[in-house]
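S.K.: Taken in sequence, the protein lines are chains A and B.
Residues in the first sequence are numbered consecutively from 2, following this note's numbering.
Residues in the second sequence are numbered consecutively from 2, following this note's numbering.
The C-beta atom is built at its ideal place from N, Cα and C for all residues, glycine as well.
Once you've had a glance at the structure underneath, I'll fire off some questions.
2 protein chains.
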Amino acid sequence: SANEIATIMQSANDTLAPDQFALLIEALPQNKRLDVWTTFPTAMQRAAFVDMGQATRGHLITLLSDDECFDLLSQLDVDEVIEIAEEIPSRLLKYAIKCLDDSQRKLYQQAQQFSTDAVGHWLDYNYVRISEKLKVSSAKLLLEKGLAPYTEDFYVVNKDGVLTGILAINRLLQSDNDTRLSALFCPEAPRLKASGELSAAADAVILSGKMSLPIVDENEHFLGRFTVATAYEVKQELQTEQINNAAGLSTDEELFSSVSSSAKNRGIWLGVNLVTAFLASWFIGLFEATLQQVVALAVLMPVVASMGGVSGSQTLTVIVRGLALGQITEQNRKVLLHKELKVSALNGVIWSLVIGSITFLWFDSLVLSLVIAMAILFNLLIAATSGVMIPALLNKLNIDPALSGAVILTTITDIFGFVVFLGLGSLLLL
Amino acid sequence: SANEIATIMQSANDTLAPDQFALLIEALPQNKRLDVWTTFPTAMQRAAFVDMGQATRGHLITLLSDDECFDLLSQLDVDEVIEIAEEIPSRLLKYAIKCLDDSQRKLYQQAQQFSTDAVGHWLDYNYVRISEKLKVSSAKLLLEKGLAPYTEDFYVVNKDGVLTGILAINRLLQSDNDTRLSALFCPEAPRLKASGELSAAADAVILSGKMSLPIVDENEHFLGRFTVATAYEVKQELQTEQINNAAGLSTDEELFSSVSSSAKNRGIWLGVNLVTAFLASWFIGLFEATLQQVVALAVLMPVVASMGGVSGSQTLTVIVRGLALGQITEQNRKVLLHKELKVSALNGVIWSLVIGSITFLWFDSLVLSLVIAMAILFNLLIAATSGVMIPALLNKLNIDPALSGAVILTTITDIFGFVVFLGLGSLLLL
């Protein structure tokens, strides 16, 4: 019951991190969330409100009064406001922005100049930016105050705010207190442009082996930094998106999203799938006369379709990952296609022999075995070709192959499989 | 050609990180790899040899002489030897271990005491461990030498090697040079047990907001640390595994894995799929007489099967993620099942009306429309039930639901869909 859950929750109160509290609220049926939510202290609620998924937060907003929501949003950092800006009603967003101090509000506006696909939108402002006119002693004072996580460097700027170098913190410790920072050797800082694409920037930070990289605008002005933690979060979100897309779920579907929003999200995908399923049916319908005379063909159709679908998805998965890692070029695509065709030919020969034999034992017809064996072999070759070529094509059209590749592929393998199988059947069995 | 590629590579030589070089080698057809490999300097080769995928490394080992391989392995850190230990032939592993110095070899042996599923196997030894008997001045000297990445704390140990506290580096800067570390207040360090499960440890580090957590053995002896970078890598590898498993690929399949190993990996999955496909065919075969009289049923079979499969995978994906996040309990599973059944009922009613109408327009038979509409509705409800219950069942049997859940689910929706559709057809249409 709700009370029991609340008791368990309360005892967990001390040991829970806000992310975990957010996950717990998401895991509760909608009608029990408010009971549990109110047993936790305000500080925990405030942190979890930012951490939780969009659908759960949206549901919570409908349960709470506006004043309660305002309170949850009254002490956010600019990073947090940017994180949830697209996901809360505009009256709440306005209030959250109003609660920021002037310098933070300026950073918020800076972030809005970049699209959500650009790294400039997602900067971390807990950096240590320091003027090159200062002395080493001032920098050491900053150090003693304590640093934000993921800080191993100071970012040195000139009077115009242009990034002139990076100063590793342990180098600072070896320097004389009276030295001006401009007199220290600061190596040219590796930097990323704020307009750059988010996932490319994430790759760059992870590859750099540094805990964060500085981000600059077109005129080399220092804007903020991008940490390795954010970089990994971005990569992980992209992978989760890929898993969701493969199943036709929207990115914000959660365990207890409302029935109506879940049904809508998933219904759209079912509709797309229905079009391709009826297309396959239409092609089968062309062979009605044949099916009526050789019912065994109808019985065996699922075998032809599913072998093609599985084999094609295997190729597709390998190719989509290769594209994501930037490993696929015009030069090696042809070689890849040859390799995939060889793999499919090898599996095609082996499994069409197996399938042909089972069919012979079942239906006692040599011609039928021949028909299904040839259809399987042919369908696996079509599957390999589609698995290599569809993502390339979608990429050229700027469509994410992880999203729609699988539907297109199985439509093709279904239709080709049925047409070849039933077509050969019509030719050889009637 | 290989020469062109080599020229491009060579010009990229300066700007490439070793990870990128490894990805490039993986992206080359097998017969061109050696040409490109040899144009790069030894230092780059050594780093990339550790970074590259298992299949590519294995292929490279067959191309190089043992002496060349020995050279690549002669300057590894203990972390690197541990990383590739399971993936290289034992004569090479022996050599790599021989090249470690005594203290590193001891760390290697320490790692081998833990299974590869335990966090103790994957520790980072670039920590800063410091005896509580030392003075602040000694700690500051260490600091000036430069710290390993992801270091924000010193781990303080007593004379027995037991972890007694953590010392934040910025706190150190505020302390008097003559103070003994044992006299400084070191907060009780949050710590993880080395025998703990790897992915749980990764979650703990990420949730902690710290750059690394210290790892101790059963007797609280400090063994090493686990950094947030490793934690994110572990999480990402698990997700990649999940994507691969869903397509029936083995984890080590790469773009240019050899034809024979690709064919073998994927062939096994095709075989499993074949069993389930023939099972579905067998159930269809039970209705041969019906199919012969009402061919329209054969034509429409793919619609029933694919709607059930898609809907079931959607539920399955939501549930598998919920399980991975620890959000699914005995208490909320029943509520989840109700929710998923409601979503399926809603979509079932809508789409069975659509499908029924299309069927009526196509085949001009009210009874046939009724049969397919009922079959669709029923199959979506079966799909929702299976999507919730199968992962729970597999979890209880200690089988990863991400691996085999999808096959079992589509087998069930296929068979139930066909039986209901053809069964109703037999009852109402003959």
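#1: Grab the span of the beta strand (DSSP E) containing ARG226 (chain B) for me, first residue to last.
#2: May I have the straight-line CA-CA distance separating THR414 (chain A) from PHE379 (chain A), to the nearest angstrom?
#3: Please report whether the beta-carbon of ARG267 (chain A) lies at a distance below 7 Å from any beta-carbon of chain B.
#4: If you measure beta-carbon to beta-carbon, which residues of the stretch 128-154 of chain A are closer than 9 Å to chain B?
#5: How long is the line joining the alpha carbons of SER358 (chain B) and VAL372 (chain B), rounded to whole angstroms?
#6: Does the Cβ-Cβ distance between SER183 (chain B) and GLU133 (chain B) come in under 7 Å?
#7: Could you tell me which residues DSSP pairs with TYR156 (chain B) in its beta bridges?
#8: Residues of chain A with a CB under 7 Å from the CB of GLY406 (chain B): which are they?
#9: Who are the Cβ neighbours of ALA119 (chain A) in its own chain at under 8 Å, not counting the five residues just before and after it?
#10: So which of A:VAL389, A:ASP154, A:PRO303, A:VAL319 has the shortest CA-CA distance to SER251 (chain B)?
#11: Does any CB atom of chain B fall closer than 7 Å to the CB of ASN396 (chain A)?
#12: Report yes if the C-beta distance between ASN178 (chain B) and VAL137 (chain B) is below 7 Å; otherwise report no.
#13: Closer than 7 Å, Cβ to any Cβ of chain B: which residues of the stretch 269-296 of chain A, in chain order?
#14: So that I know if they touch, is there some Cβ in chain B lying closer than 7 Å to that of GLY197 (chain A)?
#15: Is there a C-beta anywhere in chain B that falls below 7 Å from the one on LYS343 (chain A)?
#16: When the Cα atoms are used, what is the spatial distance from PRO19 (chain B) to SER259 (chain B)?
#17: Mapping the DSSP letters down to three states, classify ILE320 (chain B) as helix, strand or coil.
#18: Using 10 angstroms around the beta-carbon of ILE1 (chain B), count the other beta-carbons present and answer buried if the total reaches 16, otherwise exposed.
#19: Along chain A, which residues have their Cβ under 9 Å away from the Cβ of ILE409 (chain B)?
#20: Ordered along the chain, which non-local residues of its own chain (more than five positions away) have a Cβ less than 8 Å from that of SER2 (chain B)?
#21: Please report the Cβ distance between VAL389 (chain A) and LEU324 (chain A), rounded to the nearest whole angstrom; I am assuming they are in contact, meaning their Cβ atoms lie under 8 Å.
#22: Check whether the Cβ of THR318 (chain A) lies closer than 7 Å to any Cβ atom in chain B.
#23: In the structure shown, what three-state DSSP assignment does SER66 (chain B) receive?
#24: Can you tell me the Cα-Cα spacing of LYS107 (chain B) and GLY249 (chain A), whole angstroms?
#25: Considering only the alpha carbon of each residue, which of B:ARG267, B:GLU234, B:ILE409, B:ILE131 lies closest to GLY310 (chain B)?
#26: Can you name the residues of chain A whose CB is closer than 8 Å to the CB of GLU219 (chain B)?
#27: Against GLN243 (chain B), what residues of chain A qualify as contacts under a CB-to-CB distance less than 8 Å, listed in chain order?
#28: Give, in chain order, every residue of the stretch 298-317 of chain A whose Cβ lies closer than 9 Å to some Cβ of chain B.
#29: Assign PHE186 (chain A) to one of two classes, buried (16 or more other C-beta atoms within 10 Å of its C-beta) or exposed (fewer than that).
#30: Of the choices A:ALA190, A:ARG226, A:ILE207, A:ARG322, whose alpha-carbon is the least far from that of GLN240 (chain B)?
#31: So, for GLY418 (chain A): in the same chain, excluding its five sequence neighbours on each side, which residues have a beta-carbon less than 7 Å away from its beta-carbon?
#32: What's the gap between the Cα of SER448 (chain A) and the Cα of LYS99 (chain A)?
#33: Taking 7 Å as the threshold (beta carbon to beta carbon), is TYR233 (chain B) in contact with chain A?
#34: Could you work out which residues of chain B lie near SER263 (chain A), taking near to mean beta carbons separated by less than 7 Å?
#35: Would you mind working out which of A:GLN315, A:SER314, A:PHE288 sits nearest MET302 (chain A), comparing C-alpha positions?
#36: Three Cβ pairs or more, each shorter than 8 Å: is that satisfied between the stretch 145-152 of chain A and the stretch 201-213 of chain B?
M.R.: In short:
#1: Position 225 of the second sequence holds residue 226 (chain B). Here the beta strand (DSSP E) through ARG226 (chain B) covers 223-228.
#2: What you label residue 414 (chain A) is simply residue 413 of the first sequence in a count that begins at 1. What you label residue 379 (chain A) is simply residue 378 of the first sequence in a count that begins at 1. Taking the straight line joining both Cα atoms gives about 10 Å.
#3: In the first sequence, counting from the first residue as 1, residue 267 (chain A) sits at position 266. So, interface residue.
#4: Per Cβ criterion, the list reads LYS141, LEU144, GLU145, LYS146, GLY147, LEU148, PRO150, TYR151, THR152, GLU153.
#5: As a first step, residue 358 (chain B) must be located in the second sequence, where it is residue number 357. As a first step, residue 372 (chain B) must be located in the second sequence, where it is residue number 371. The C-alpha of VAL372 (chain B) is placed about 12 Å away from the C-alpha of SER358 (chain B).
#6: Residue mapping note: residue 183 (chain B) aligns to position 182 of the second sequence, counting from 1. Residue mapping note: residue 133 (chain B) aligns to position 132 of the second sequence, counting from 1. Yes, Cβ-Cβ distance for SER183 (chain B) and GLU133 (chain B) is below 7 Å.
#7: Position 155 of the second sequence, counted from the first residue, corresponds to residue 156 (chain B). Beta-bridge annotation (DSSP): TYR156 (chain B) is paired with B:ARG130, B:ILE167.
#8: Position 405 of the second sequence, counted from the start, is the residue given in the question as residue 406 (chain B). For GLY406 (chain B), there are no neighbours in chain A by C-beta distance under 7 Å, as the nearest C-beta there is about 11 Å away.
#9: Locating residue 119 (chain A) in the first sequence gives position 118, where the first residue counts as 1. The beta carbon of ALA119 (chain A) lies closer than 8 Å to those of ALA195, SER196, GLY197, GLU198, LEU199 in the same chain, with the five residues before and after it left out.
#10: On the second sequence, position 250 is the one that residue 251 (chain B) refers to. SER251 (chain B) has its Cα closest to that of A:VAL319, out of A:VAL389, A:ASP154, A:PRO303, A:VAL319.
#11: Taking the first residue of the first sequence as 1, we reach residue 396 (chain A) at position 395. Chain B, which has no Cβ nearer than 7 Å to the Cβ of ASN396 (chain A), makes this no.
#12: The residue you call residue 178 (chain B) lines up with position 177 of the second sequence. The residue you call residue 137 (chain B) lines up with position 136 of the second sequence. In this structure, VAL137 (chain B) lies closer than 7 Å to ASN178 (chain B) by Cβ.
#13: When CB distances to chain B are screened at a threshold of 7 Å, the residues of the stretch 269-296 of chain A falling below it are TRP270, LEU271, ASN274, LEU275, ALA278, PHE279, ALA281, SER282, ILE285, GLY286, GLU289, LEU292, GLN293, VAL296, in chain order.
#14: The residue given as residue 197 (chain A) occupies position 196 in the first sequence. Judged by the 7 Å Cβ criterion, GLY197 (chain A) is not in contact with chain B.
#15: For the purposes of this step, residue 343 (chain A) is taken as the residue at position 342 of the first sequence. A Cβ of chain B is located within less than 7 Å of the beta carbon of LYS343 (chain A).
#16: Within the second sequence, numbered from 1, the residue matching residue 19 (chain B) stands at position 18. Within the second sequence, numbered from 1, the residue matching residue 259 (chain B) stands at position 258. Distance between the alpha carbons of PRO19 (chain B) and SER259 (chain B): 23 Å.
#17: Taking the second sequence and counting its residues from 1, one reaches residue 320 (chain B) at position 319. Helix.
#18: Because chain B in this structure spans residues 2 to 431, residue 1 (chain B) falls outside the shown range and cannot be described.
#19: Taking the first residue of the second sequence as 1, we reach residue 409 (chain B) at position 408. Those do not exist, as ILE409 (chain B) stays about 14 Å from chain A at its closest Cβ, beyond 9 Å.
#20: As a first step, residue 2 (chain B) is located in the second sequence; it is residue number 1 there, counting from the start. With a pLDDT of 49 at SER2 (chain B), under the threshold of 50, the predicted position of this residue should be treated as unreliable, and no value is reported.
#21: Within the first sequence, numbered from 1, the residue matching residue 389 (chain A) stands at position 388. Within the first sequence, numbered from 1, the residue matching residue 324 (chain A) stands at position 323. Cβ atoms of VAL389 (chain A) and LEU324 (chain A) stay farther apart than 8 Å, at about 11 Å.
#22: The residue labelled residue 318 (chain A) in the question sits at position 317 within the first sequence. Cβ-Cβ to chain B under 7 Å: yes for THR318 (chain A).
#23: To locate residue 66 (chain B), count along the second sequence from 1; it is residue 65. Here DSSP, grouped into helix, strand and coil, assigns SER66 (chain B) to coil.
#24: Your numbering for residue 107 (chain B) matches position 106 in the second sequence. Your numbering for residue 249 (chain A) matches position 248 in the first sequence. Rounded to the nearest angstrom, the two C-alpha atoms are 50 Å apart.
#25: Here residue 310 (chain B) is taken as the residue at index 309 of the second sequence, counted from 1. Comparing Cα-Cα distances from GLY310 (chain B) to each of B:ARG267, B:GLU234, B:ILE409, B:ILE131, the minimum goes to B:ILE409.
#26: Here the question's residue 219 (chain B) lines up with position 218 in the second sequence. Neighbours of GLU219 (chain B) on chain A: none; closest Cβ ~22 Å, over 8 Å.
#27: Counting from 1 along the second sequence, the entry for residue 243 (chain B) is found at position 242. Within 8 Å Cβ-Cβ: ILE244.
#28: Listed by position, the residues of the stretch 298-317 of chain A near chain B (Cβ gap below 9 Å) are LEU298, ALA299, VAL300, LEU301, MET302, PRO303, VAL304, VAL305, ALA306, SER307, MET308, GLY310, VAL311, SER312, SER314, GLN315, THR316, LEU317.
#29: Here residue 186 (chain A) is taken as the residue at index 185 of the first sequence, counted from 1. Residue burial is scored here from C-beta neighbours: PHE186 (chain A) has fewer than 16 other C-beta atoms within 10 angstroms and is therefore classed as exposed.
#30: One-based indexing of the second sequence puts residue 240 (chain B) at position 239. With distances taken between CA atoms, GLN240 (chain B) lies nearest to A:ARG322 out of A:ALA190, A:ARG226, A:ILE207, A:ARG322.
#31: Looking up residue 418 (chain A) in the first sequence gives position 417. Answer for GLY418 (chain A): VAL305, ALA306, GLY309, ALA376, ASN380, listed in chain order.
#32: Residue 448 (chain A) falls outside the range modelled here, since chain A spans only 2 to 431, and no answer is possible.
#33: Counted from its first residue, the second sequence places residue 233 (chain B) at position 232. Yes, TYR233 (chain B) counts as interfacial toward chain A.
#34: Sequence index remark: in the first sequence, residue 263 (chain A) carries index 262 (1-based). Neighbours of SER263 (chain A) on chain B, chain order: VAL344.
#35: Position 301 of the first sequence, counted from the start, is the residue given in the question as residue 302 (chain A). Comparing Cα positions, the closest option is A:PHE288.
#36: Flag = yes, the stretch 145-152 of chain A and the stretch 201-213 of chain B touch.
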